[in-house]
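So the number in the working numbering is just where the residue sits in the sequence shown, counting from 1, plus 4. For each residue, glycine too, the CB sits at the ideal point set by N, CA and C. Remarks on the structure that follows.
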Amino acid sequence: MDLATLHQRLFSEEGLVCAGILSGTSADGVDVGLVRFIREANGDWQRPQLLAFETLGFEHDLGQRLNGVLGGGACGLRETALLHRDLGLAFGAALTSVREQANLSVDLIASHGQTLWHHDGVEPSGPASLQLGDPARIAAVTGCSVVADFRAGDLAAGGEGAPLSAYGDELVFGRAARPLCVLNLGGIANLTWLGHGGEVSAFDTGPAGALLDGLALRLLNQPFDLGGKCAQKGTPDEVLVALFLDHPFIGSPPPCSTGRDSFGAEWLAGLAGALPERCNPSDVLASAAVAVARHVAGGLVHLSEKPRTILVAGGGVHHGPLMEALAAECEMPVTTTDELGVPPDAREAMVFAALGARFVAGEAVTRPGVTGAKEGMVLGNWTPAPVLASFSGQIGVSPPR
């Protein structure tokens, strides 16, 4: 389906079904959300409708290779190329599986990909970021056109390249009352602020799952502390909380972004080496939950107006002690995006589906107050669905009329 046809479908009664696909900072699998978008003739967007959502784990070999690289392992040009290929194939297979299970047709795929490296604001030569997951492979596997490389356009416009969530939240939460504050608790915590009169901002505040899951792996030999059960048994220690917050990124004014390059294996190894001998894992994990909540609370000072409620999405919503710590540190009610009909686990997939829909609409989304990018850029690069040639001939020979 070409771009003009997709644009027409967006304004039709049946709408445009866009699949948002991504693998987040935790790199534990592929999130796929199928979302219907309808734009009215006056330019208003109807509330997006989530039709299906699944998280599918990586095959063992691919997950092991990816996490090895993200954990600081060597990654030469060959391995980078192979990961780009294999992630594209995995994303395509994930979409095919979800599409078939839901018995739905998909008009367009919006792929965030998997971030392999992000500048974290500390690259002296200037911002750069790399997402893997070959969109041509996704298109080949699924037969659908793909919009990808959203970060690249933001970086080229002078932005941080992250977080891009606010540009999708404008549609996902488009009918919700303002002001609205959405907190995503993935590997990294980031805030989206939707204010009165179209005001929008978004920024990272620091590590969330990168800290909690990293410590769980080292202390419990588990990929995460399920539901925060271990942390629930502990008592926060202010010395440990201070240790976990002792990083130059914490407290950075927006626009700012970060990732596993700052809060990855090397950083975790340093924290582990600084922990007291024979420390209680429950106390460490309880302290980590408070540290995450505290840097989020610190981020609230950068909002133009203090929110009445924080709506939380991402894997962190399932961590009981973290949610309790957020309410205490932020001194306000904390709930989940379910309150507005957006499943917390599906929100990021919906955000990138929304970016795909906005690309089709030709909507300029960038703003200096979000990532620092200049205003008025459409984000995304277009990869059309594969088309078989209907004639045979040599290069330079025109098809028959």
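Partner residues in the beta bridge of residue 121, as assigned by DSSP, are 134. Residue burial annotation: residue 188 is buried, with at least 16 other C-beta atoms found within 10 angstroms of its C-beta. Taking the CA atoms as reference points, residue 307 sits about 15 Å from residue 336.
Per DSSP, reduced to three states, the secondary structure at residue 345 is coil, with no helix or strand assignment. Leaving aside the five residues that flank residue 196 on each side, the residues in its chain whose CB is nearer than 6 Å to its CB run, in chain order, 169, 170, 173, 186 and 206. DSSP places residue 325 in the helix class (H, G or I) of the three-state scheme. Excluding five sequence positions before and after residue 250, none of the CB atoms of its chain fall closer than 7 Å to its own CB. In the DSSP assignment, residue 194 is bridged to 188 and 208.
Around the beta carbon of residue 181, fewer than 16 other beta carbons sit within 10 angstroms, so the residue counts as exposed. Straight through space, the alpha carbons of residue 7 and residue 387 are spaced by roughly 10 Å. Rounded to the nearest angstrom, the Cβ distance from residue 210 to residue 154 is 23 Å, too far for a contact under 8 Å. Shown here for residue 309: same chain residues with a beta carbon closer than 7 Å to its own, the five before and five after excluded, namely 183 and 199 in chain order. Its Cα nearest to that of residue 317, the residue 190 stands out among 86, 190 and 271. Contact between residue 131 and residue 165 is confirmed by a C-beta separation of about 6 Å, below the 8 Å threshold.
Pairwise C-beta distances place the stretch 224-240 out of contact with the stretch 342-354, as fewer than three of them are shorter than 8 Å.
In this structure residue 361 is not in contact with residue 381, their Cβ atoms being roughly 16 Å apart against a cut-off of 8 Å. Taken atom to atom, the span from the alpha-carbon of residue 201 to that of residue 372 is near 16 Å. Residue environment: residue 13 is assigned as buried (16 or more neighbouring CB atoms within 10 Å of its CB, all protein chains considered). Taking C-beta atoms as the reference points, residue 290 and residue 238 count as a pair closer than 7 Å.
The way I'd put it, the stretch 291-303 doesn't touch the stretch 140-157; fewer than three beta-carbon pairs between them come closer than 8 Å.
In this model, residue 25 and residue 120 are separated by some 16 Å (Cα to Cα). With respect to the 7 Å criterion, residue 358 and residue 204 are not classified as neighbours on the basis of their beta carbons.
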